[in-house]
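Contents: one structure, followed by commentary.
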Amino acid sequence: MLQLGFIRQHAELVKERLAIKNFPSLDLVDKVLQFDDQRKKLQLESDTIQSKINSASKEIGQLMAKGEKQEAENKKQEVASLKSALQPIAEQLSKIENKLNEALITLPNVPSAVVPAGKTPADNLIVREGGKKPALPEGASPHWELAKKFNLIDFELGNKITGSGFPVYVSKGAKLQRALIQYFLEYNIDAGYVEYQPPYMVNEASAFGTGQLPDKEGQMYFASLDNFYLIPTAEVPVTNIYRDAILKESELPLRMTAYTPCFRREAGSYGKDVRGLNRVHQFDKVEIVQLVHPDKSYDVLEEMVNHIEKLLGTLQLPYRILKLCGGDMSFASALTYDFEVFSAAQQKWLEVSSVTNFETFQTNRMKIRFKDGGGKTQLAHSLNGSSLALPRIVACLLENHQDGQSIRLPEILQKYFGATSIGV
RNA sequence: GGAGAAGUGCCAGAGUGGUUGAAUGGGACUGACUCGAAAUCAGUUUUACGCCUAAUCCGUGUAACGGGGGUUCGAAUCCCUCCUUCUCCGCCA
């Protein structure tokens, strides 16, 4: 969530920027400030009375010790009237605090100054493209047909075991998954990221911390008996590792990577967008997360973009990098780059990674701070990115590298997979 | 799942109703000593939100001893509840 102090100092800027995100309730910004004013006033009243109560109570203790019972009783009366004066104020205060908090968590993050205006994915800016689109052989197939032909993925079986959107990877299909995960993790570790295996379910506080709650409640699977959410991304458990921490400045940047399955309800999706691996309810992903000094976060964002671009390059897939427009960014994001790879048989771009700077939006919720050189405590910036989400990478590997007889694997994958290609 | 014990500051560990935001030890930081270091001595060392203020300095108020609620003039200390950890039993990859 946004920092109150920032809203107070830059109310107009916040409104302008939120307009770029097409946030409809700009008046909420003014409301936040009003609520905060009321809160301060009430707190002052409440603290003043409480202070009197505290000192009176102390006196009662001293009077009792001296055996001055009557005096003590008089003081008690005094405290009783102070308390009845305090009660309505305390109630108002807690009411206004709730309203303030509710308004604050409803405000999305302000987009950074470079975020382009726009409403839909069509308004995203193409930053650059790389790789080249393959010339597919005669009779080239989409990945779901290839997956069947080479016995790599059984979609029907997943329907039986669980439901649609839960593919079963078989044999070389399963091995390809494992090879990709292994490669992505090693690649990240080589770049200085620390590997984690986090829980795949999180509690409410964690889901709130990264911004999934209350915004995306319906997108997560929920284990109601225990109040746990199945993670939609490793970002949630991994970023929460440092929730409530005050770090030393020298500990920054913290770089973390994790492989996890990801669970997404994807309510409302249907049709050809969800065909095959295009959109599934459970998928594998390797994630990178960083906690950094506020001055460095935009440099780090570029560094992460380059890191992922290089990774995509080694997979020999045609890709493009998009700078998301205000309307297509997520609630918590300040600036997001999306990576898409070209699915040659489907002739469409598929998103495989999203790299985001959240600035202090998440860390303010999670209270991830550090002590700066002057001994002052301030919020760190958080960033994350996929490196990479597997299903669409697999889809594109299959489609783009098919030659009629087999699927050629990019060189880098061969040692992890143990073969140069996937044949019948 | 059953029975019991416990959760205090960066760490260890006192404190069982009233000057305890918290003894003591360790760690860390600052200063002195030293050519420098170690040792020693002195000091500092939580966070959030208010008020005051040019100030994120200083001063000052409130809150926080696992989370939430309660009893009381007053709670780290008593009660309830949830969470977590430990021990024993059961079950189990």
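Quick note on numbering: the first sequence equals residues 52 to 475 in my numbering.
Just so it is clear, CB atoms sit at the ideal spot from N, CA and C, and this is done for glycine as well.
As the structure is a prediction and not an experimental result, all values here were calculated from the model.
- Counted as a single uninterrupted DSSP element, the stretch harbouring THR387 is not any alpha helix (DSSP H) but the beta strand (DSSP E) occupying residues 386-394.
- In the same chain as THR428, and ignoring 5 residues on each side of it, the C-beta atoms closer than 7 angstroms to its own belong to ILE297, ARG420, LYS422, in chain order.
- The three-state reading of DSSP puts SER192 in coil, since its state is none of H, G, I, E or B.
- Here PRO188 is exposed, its C-beta having fewer than 16 other C-beta atoms within 10 Å.
- By the 16-neighbour rule on beta-carbons within 10 angstroms, VAL475 is exposed.
- Nearest C-alpha to SER257 among LEU276, PHE235, ARG294, MET271: ARG294.
- Segment contact: the stretch 306-320 against the stretch 223-239, three or more CB-CB distances shorter than 8 angstroms; contact assigned.
- Three or more Cβ pairs drawn from the stretch 66-85 and the stretch 155-164 lie within less than 8 angstroms of each other, which places the two stretches in contact.
- Taken in chain order, the whole alpha helix (DSSP H) runs of length 4 or more contained in the stretch 76-150 are 78-117.
- Close CB contacts of SER457 within its chain, under the 7 angstroms cut and outside five residues either way in sequence, are with SER472, ILE473, GLY474 (chain order).
- Non-local C-beta neighbours of VAL253 in its own chain, meaning closer than 8 angstroms and more than five positions away in sequence, comprise PHE279, TYR280, ILE282, VAL287, PRO288, ASN291, ordered along the chain.
- Assigned with DSSP and collapsed to three states, GLY378 falls in helix.
- PHE201 is not bridged by DSSP to any residue.
- In the structure shown, ALA318 falls within a coil segment according to DSSP collapsed to helix, strand and coil.
- For PHE217, the secondary structure class from DSSP, reduced to helix, strand or coil, is coil.
- Nearest to ALA440 by C-alpha distance, out of ALA470, THR365, GLU110, ARG330, is ARG330.
- Contact between the stretch 366-379 and the stretch 258-273 is absent, with fewer than three C-beta pairs closer than 8 angstroms.
- Around the beta-carbon of SER102, fewer than 16 other beta-carbon atoms lie within 10 Å, marking it exposed.
- Between LYS127 and LYS347, the alpha-carbon positions lie close to 57 angstroms from each other.
- Inter-segment contact for the stretch 240-252 and the stretch 217-231 is absent: fewer than three beta-carbon pairs are separated by less than 8 angstroms.
- DSSP, reduced to helix, strand and coil, places ALA274 within a strand of the structure shown.
- Its chain contains HIS194, LEU197, ILE458 as the residues whose beta carbon lies nearer than 6 angstroms to that of LEU449, once the 5 sequence neighbours on both sides are disregarded; these appear in chain order.
- Between the beta-carbon of PHE393 and that of LEU363 there is about 11 angstroms, and that puts the pair past the 8 angstroms contact cut.
- Going by beta carbons, ALA383 and GLY262 fall inside the 8 angstroms limit.
- HIS332 sits in coil when the DSSP states are folded into three classes, being neither helix nor strand.
- Considering only PHE74, SER76, LEU84, the residue with the shortest C-alpha distance to GLN60 is LEU84.
- If you draw a straight line from the Cα of LEU328 to the Cα of ILE444, it is about 9 angstroms long.
- DSSP, read as helix, strand or coil, puts ALA296 in coil.
- According to the DSSP secondary-structure assignment, GLU402 is paired through a beta bridge with GLU391.
- Membership of SER348 in the alpha helix (DSSP H) is indicated by the continuous run 348-365.
- Within the same chain, ILE58, ALA62, VAL65, LYS66, LEU69, LEU158 come within 8 angstroms of VAL80 by CB-CB distance, once the 5 residues on both sides are set aside.
- Annotation for LYS418: ASP295 place their beta carbon closer than 6 angstroms to its own, counting only its chain and skipping 5 residues before and after.
- The residues GLU300, in chain order, have a CB closer than 7 angstroms to that of GLY424 in the same chain once the five nearest residues on each side in sequence are set aside.
- Beta-bridge analysis with DSSP links GLY474 to no other residue.
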